[in-house]
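Peer 1: The structure's right below; bear with me while I get my questions together.
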Ligand code: CO
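Quick look at the structure:
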């Protein structure tokens with residue numbers, strides 16, 4: 001049995017407020033506690049990437065790069081971790097390699113130490129470019145396995161992907177369970193297998209959405225997982241991670257005790273409680289989260305069920321909701337069992353909604369066509385040939401890496417910015433513009449004139 005202390009990654013400053021406070025925590029609210037958090041003994045602090053970049057520009061009138069530099073100034077001891085969607089960077093489409101490389105270079109130069117990289121389909125070809133770039137910049141590269149349940153997501157499939165990630169240079173592997181589907185005993189088996197076959201550290205990232213995450217972490221600890229992701233209590237639970245304090249306390253009497261001191265957390269947690277109230281009031285946020293074990297049966301990410309209910313109401317088809325719940329897994333199977341995470345979750349959902357409202361595959365959204373064409377990458381399982389025929393006819397799907405079809409984009413972006421009246425912006429600003437052109441231009445209009 002592994003008797004080494006479990007390491008903890010604190011997520012309150014990224015996933016915690018992304019999950020529970022619509023990613024609205026501002027830099028000024030983080031500042032007063034950064035030095036204290038830095039002293040607690042975390043393995044890393046996840047504080048950048050994911051939706052925070054978009055949120056800074058779109059909702060908070062903040063420059064995300066400036067936030068990163070500020071975080072770095074105050075977190076001198078603990079590594080800063082970020083979450084990156086492979087070839088999608090922090091956006092929603094594939095970007096050309098030159099943009100991916102430059103983004104990673106600037107992220108590391110401005111303060112990121114650990115980069116967790118994932119692809120919605122676990123297609124490692126979509127991770128090559130970003131992983132190599134991160135390696136080259138000297139960052140710790142963590143390859144993530146997007147966890148889901150399907151006939152094509154057996155432990156042996158995850159092991160195969162993990163080995164590919166290690167081959168691409170991954171310094172550690174994360175089991176990324178964004179929907180909270182990973183059950184305790186499944187976690188035990190998967191962690192055991194990965195630990196027995198790989199030498200790199202294994203980390204687990206789950207959400208409490210289905211109510212299982214704390215149990216899952218405990219079984220993963222028993223199986224020898226090296227690192228767990230937790231959030232300080234005000235930003236923990238329900239759709240977020242298990243609470244840092246609770247996990248530290250739970251492991252305290254075990255051979256895997258973390259060595260973190262429970263008393264150190266209370267002052268910071270009190271502060272974050274106040275901050276959370278402030279954010280919720282300022283942005284009029286919904287705080288009505290609860291665990292939803294239905295995600296286990298329907299394998300949908302948290303929040304998606306309620307979105308679907310609303311969508312069906314808007315279409316005047318609320319009565320077809322039970323039908324939709326049956327249609328979602330059917331569509332997912334027909335399309336080759338993609339894990340349901342951004343953007344594949346939305347793509348499968350939109351197809352299922354159309355199928356139950358206007359008839360099966362009568363109308364096909366462009367994104368569904370592109371997914372079948374291979375433009376998002378390789379599907380985990382085979383696409384139903386009859387359905388493929390309906391969706392793209394005799395067209396041959398691509399079998400190469402999707403980003404190979406993209407020409408370099410940086411020069412075009414620079415030209416676009418010059419045309420918009422910004423000939424001399426920094427590379428960081430140009431990258432903000434690359435990912436979110438409209439919101440970046442709005443920000444520049446206020447701050448770069
Ligand atoms: Co997460």
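Residue numbers (full-length UniProt numbering): 1 to 449.
The beta-carbon is built from N, C-alpha and C at its ideal position, and this holds for glycine as well.
Quantities reported herein were computed from a predicted structural model and do not represent experimental measurements.
1. Confirm, please, whether the CB-CB distance from residue 223 to residue 188 is below 7 Å.
2. Please name the residue or residues paired with residue 176 in a DSSP beta bridge.
3. Tell me which residue opens and which closes the beta strand (DSSP E) that residue 9 is part of.
4. What is the C-beta distance between residue 47 and residue 71, in whole angstroms, given that I count them as a contact (C-beta under 8 Å)?
5. Helix, strand or coil: which one does DSSP assign to residue 409?
6. Does DSSP put residue 358 in a helix, a strand or coil?
7. Output the residues surrounding ligand 1, defined as those with a CB atom closer than 6 Å to any ligand heavy atom, in chain order.
8. If you check the beta carbons only, do residue 249 and residue 240 fall under 7 Å apart?
9. Following the continuous alpha helix (DSSP H) through residue 69, name the residue where it begins and the one where it ends.
10. Of all the options 380, 394, 379, which has the alpha carbon lying nearest to the alpha carbon of residue 386?
11. Ordered along the chain, which non-local residues of its own chain (more than five positions away) have a Cβ less than 6 Å from that of residue 101?
12. If I follow the unbroken beta strand (DSSP E) through residue 82, where does it start and stop?
13. When DSSP labels each residue in this structure, what does residue 24 get in the three-state scheme?
14. In terms of residues, what are the limits of the beta strand (DSSP E) holding residue 116?
15. Relative to the C-alpha of residue 297, which candidate in 271, 201, 24, 325 has its C-alpha closest?
16. Under 8 Å by Cβ, that's how I've got residue 195 and residue 204 pegged, so tell me the actual separation to the nearest angstrom.
17. For residue 423, which residues from the same chain have a beta carbon less than 8 Å from its beta carbon, with the 5 sequence-adjacent residues on both sides left out?
18. On the premise that residue 172 lies in contact with residue 146, defined as a C-beta separation below 8 Å, what is that separation, rounded to the nearest angstrom?
19. Quick one: what does DSSP say residue 296 is sitting in, helix, strand or coil?
20. Under a Cβ-count criterion, where at least 16 other Cβ atoms within 10 Å of its own Cβ denotes burial, should residue 336 be classed as buried or exposed?
21. Considering only the alpha carbon of each residue, which of 412, 94, 218 lies closest to residue 402?
22. Looking at the structure shown, is residue 137 part of a helix, part of a strand, or coil, going by DSSP?
23. So for residue 370, helix, strand or coil by DSSP?
24. Would residue 314 pass as an interface residue toward chain D - the criterion being a Cβ-Cβ separation below 7 Å?
25. Smallest Cα separation from residue 99: which of 236, 438, 431, 263?
26. From the DSSP secondary-structure annotation, give me the bridge partner or partners of residue 237.
27. Which residue from 405, 155, 359, 217 puts its Cα closest to that of residue 320?
28. Where does residue 157 sit, in a helix, a strand or coil, going by DSSP?
Peer 2: On the basis of the supplied data:
1. Taking 7 Å as the Cβ cut-off, residue 188 and residue 223 qualify as a contacting pair.
2. Beta-bridge partners of residue 176 (DSSP): 146, 205.
3. From DSSP, the beta strand (DSSP E) with residue 9 extends over 7-10.
4. The C-beta separation of residue 47 from residue 71 comes to about 5 Å, placing the pair in contact by the 8 Å criterion.
5. Reduced to three states, the DSSP call for residue 409 is coil.
6. Three-state result, residue 358: helix.
7. Those satisfying the condition are, in chain order, 15, 178, 205, 207.
8. Taking 7 Å as the Cβ cut-off, residue 249 and residue 240 do not qualify as a contacting pair.
9. Taken as a continuous stretch (DSSP letters only), the alpha helix (DSSP H) holding residue 69 covers 64-74.
10. Ranked by how close their Cα comes to the Cα of residue 386, the residues 380, 394, 379 have 394 in first place.
11. Excluding positions up to five away in sequence, the list reads 133.
12. The continuous beta strand (DSSP E) containing residue 82 extends over residues 80-84.
13. Coil, per DSSP.
14. That run of the beta strand (DSSP E) goes 114-117.
15. Comparing Cα positions, the closest option is 325.
16. Between residue 204 and residue 195 the Cβ distance is about 12 Å, and since that is not below 8 Å, they are no contact.
17. Taken in chain order, the residues that qualify are 417.
18. Rounded, the Cβ-Cβ distance is 16 Å, inconsistent with contact.
19. Correct three-state label for residue 296: helix.
20. Under this definition residue 336 is a buried residue.
21. Of the candidates 412, 94, 218, the one whose C-alpha sits nearest the C-alpha of residue 402 is 94.
22. Coil at residue 137, not helix or strand.
23. Three-state result, residue 370: helix.
24. Protein chains in the displayed structure number just one, and chain D is not present.
25. Closest option to residue 99, Cα to Cα, is 431.
26. Residue 237 is not bridged to any residue.
27. Selection 405, 155, 359, 217 evaluated against residue 320 yields 359 as nearest (Cα-Cα).
28. Reduced to three states, the DSSP call for residue 157 is helix.
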